[in-house]
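Trainee: Here it is, the structure, as structure tokens.
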Amino acid sequence: MHALSRRRSHGLRRGALATGYSQCPRTPPQVWTRPPGPRASARVRLRSGSGLLPDAHRVFDDAPRRNLHLYSALLAAVSHSSRPTLVFPLLRRMLSNDALRPDHFVLASLTSAAARLRSLRIGRQLHAHFEASPFRGDDVVKSSLIDMYCKCVVPKDARKVFDSIGVKNNVVWTALVSGYASGGYSNEALELFRSMPARSLFTWTTLISGFVKAENNASAVGLFVEMRQDGVRIDDAFVLATVIGGVADLAALVLGRQLHCFAMRLGFLSSLIVRNALVDMYSKCSDIHSAREVFEGLTSRDIISWTTILVGEAQENGPNTKAQSCTQVLKQSQPNKQK
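444 is the number of the first residue of the sequence shown in the numbering used here; add one for each residue after it.
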């Protein structure tokens, strides 16, 4: 806490966290009990869920009385928005203006914001507050802490929280598996993965994605093969795009072509993320002809599509040949619009 308060650049966060338990007036017992959801809280959730965060803020500001239920609704929305740092001035307002102390819902939202910011310092402070609170046994907050420690690449601390949970759900298992894989702890990730009581497509995808992120592409491809052998039904294009990305980094053209055929059989060639992954794979495997064919077959193209083919053309032909003509087309088009 003292280290954080010395950093002027962290003023908002400092005020929000430091003011908390030490300066807030003692809260009456009834405040700890969450009242039935008022109409204002429902409107905040509705607007934030529809992407109308400014409207949610207005509903919050216009409320005649703000309780934990209302704060929790807005904090949850802000923590998942494009500006998660805004949870900290909102927390400071809750502590100082309305003399409310965080409950487990609020702590979970704050921890989610710290995870998205990859702020281990704030995450540890929230963890300390959680352990000192009446809610220290809450598994929802513990799940958020696991996610935070994993995203901050401290899987050992995530494991400690994981081990403190009595009944572990699939979300908790998957979060820790992902953290191990993304942090480069392949053996630990596989060991935990194989000890899971149940594995869904999402769990397989998370582990494969973690391996690719850690540039452990051979393990990612091997796990995909194992998933197919186990008969796991693939009804999501993301896992296929992910493993194609791993094959691209391995420059394994034969395997890449097999995955291309597999995507065709599953009907995933209409997926933009799969086609972008195929363009990237063929480019990295020096098969620019196939990369062009996939690119030209796109019914819509985003900035990733254009960037991938331009890089592939430049690597194959040099920056002054085909890539130059592609650049001219790019200037005359709007990449994120329909063709």
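Don't be surprised by glycine CBs; every beta carbon is placed ideally from N, CA and C.
Confirm, please, whether the CB-CB distance from Gly627 to Ala657 is below 9 Å.
Mentor: Contact flag set, yes.
Trainee: Within 10 Å of its beta-carbon, does Lys599 have 16 or more other beta-carbons around it, so buried, or fewer, so exposed?
Mentor: Burial call: exposed.
Trainee: State the beta-bridge partners of Ser562 as determined by DSSP.
Mentor: Answer by DSSP bridge pairing: none, since Ser562 is not bridged.
Trainee: Confirm, please, whether the CB-CB distance from Leu644 to Ile608 is below 9 Å.
Mentor: No.
Trainee: Taking C-beta to C-beta, are Ala551 and Val583 nearer than 9 Å?
Mentor: Contact flag set, yes.
Trainee: Could you check where the alpha helix (DSSP H) with Val620 kicks off and where it finishes?
Mentor: Counting along the chain, the alpha helix (DSSP H) containing Val620 begins and ends at 613-625.
Trainee: Is it right to say Ser625 is buried, meaning 16 or more other beta carbons lie within 10 angstroms of its own, or is it exposed?
Mentor: Under this definition Ser625 is a buried residue.
Trainee: Compute the beta-carbon to beta-carbon distance between Ser729 and Thr751, rounded to the nearest angstrom, for a pair I have assumed lies under 8 Å.
Mentor: Contact doesn't hold; Cβ gap of about 14 Å is too wide.
Trainee: Among all the DSSP beta bridges, which residues are the ones paired with Ser524?
Mentor: Partner(s): none; Ser524 has no beta bridge.
Trainee: Below 9 Å between beta carbons: does that hold for Ala559 and Ser515?
Mentor: The identity of residue 559 in the sequence shown is Arg, whereas the question assumes Ala. No.
Trainee: Round the Cβ separation of Gly699 and Met670 to the nearest angstrom and send it over; I've been treating them as touching at under 8 Å.
Mentor: Between Met670 and Gly699 the Cβ distance is about 18 Å, and since that is not below 8 Å, they are no contact.
Trainee: Give the DSSP-derived three-state secondary structure of Val668 in the structure shown.
Mentor: Val668: helix per DSSP, three-state reduction.
Trainee: What residue ranges within the region 655-711 form continuous alpha helix (DSSP H) runs of no fewer than 4 residues, ordered along the chain?
Mentor: Counting whole runs of 4 or more residues, the region 655-711 contains the alpha helix (DSSP H) stretches 660-672, 680-693, 696-709.
Trainee: Is Glu634 buried or exposed, if buried means 16 or more other CB atoms sit within 10 Å of its CB?
Mentor: The residue is exposed, with fewer than 16 neighbouring Cβ atoms inside 10 Å.
Trainee: Expressed to the nearest angstrom, what Euclidean distance is found between the alpha-carbon atoms of Pro601 and Ala706?
Mentor: The question names Pro, but residue 601 is Ala in the sequence shown. If I take the Cα positions, the gap works out to 36 Å.
Trainee: Could you tell me the boundaries of the alpha helix (DSSP H) in which Ala601 lies?
Mentor: Looking at the DSSP string, the run of the alpha helix (DSSP H) that includes Ala601 is 598-606.
Trainee: Within 10 Å of its beta-carbon, does Arg637 have 16 or more other beta-carbons around it, so buried, or fewer, so exposed?
Mentor: Exposed, by the Cβ-count rule.
Trainee: Looking only at its chain, what residues have a beta carbon closer than 6 Å to the beta carbon of Gly653, apart from the 5 residues adjacent to it on each side?
Mentor: Closer than 6 Å at Cβ, skipping near neighbours: Ser621, Ala624, Ser625.
Trainee: To the nearest angstrom, how far is the alpha carbon of Thr648 from that of Ala506?
Mentor: Going from the Cα of Thr648 to the Cα of Ala506 covers about 43 Å.
Trainee: What does the alpha-carbon distance come out to for the pair Asp745 and Phe667?
Mentor: Approximately 27 Å, taken between the alpha carbons.
Trainee: So the alpha helix (DSSP H) Ser531 belongs to, where does it begin and stop?
Mentor: Residue identity differs from the one stated: residue 531 is Phe in this sequence, not Ser. Residues 530-539.
Trainee: In whole angstroms, what separates the C-alpha of Leu553 from that of Pro527?
Mentor: Distance between the alpha carbons of Leu553 and Pro527: 9 Å.
Trainee: Alpha carbon to alpha carbon, how far is Arg708 from Ala691? Give it in angstroms, no decimals.
Mentor: Those two C-alpha atoms are separated by around 20 Å.
Trainee: On the three-state DSSP scale, how would you describe Leu543?
Mentor: Here Leu543 sits in coil by DSSP.
Trainee: Quick check: the Cα distance between Thr685 and Phe548, rounded to an integer number of angstroms?
Mentor: About 33 Å.
Trainee: Under three-state DSSP, which class holds Pro640?
Mentor: Here Pro640 sits in coil by DSSP.
Trainee: Judging by CA-CA distance, which residue of Leu538, Arg564, Ala680, Lys611 is the nearest neighbour of Cys595?
Mentor: When only C-alpha atoms are compared, the closest one is Arg564.
Trainee: Between which two residues does the alpha helix (DSSP H) holding Phe503 run?
Mentor: Run containing Phe503: 496-505, per the alpha helix (DSSP H) assignment.
Trainee: Within the same chain, show all residues whose beta-carbon is closer than 8 Å to that of Leu619, passing over the 5 residues directly before and after it, in chain order.
Mentor: Excluding sequence neighbours, Leu619 sits near Ile589, Cys593, Pro598, Ala601, Arg602, Phe605, Leu635.
Trainee: Let me check understanding here. Comparing Cα to Cα, which of Phe503, Gln568, Leu538 lies closest to Ala520?
Mentor: Of the candidates Phe503, Gln568, Leu538, the one whose C-alpha sits nearest the C-alpha of Ala520 is Phe503.
Trainee: Assign Gly783 to one of two classes, buried (16 or more other C-beta atoms within 10 Å of its C-beta) or exposed (fewer than that).
Mentor: Residue coverage of the chain in this structure runs from 444 to 782, which leaves residue 783 outside it and unanswerable.
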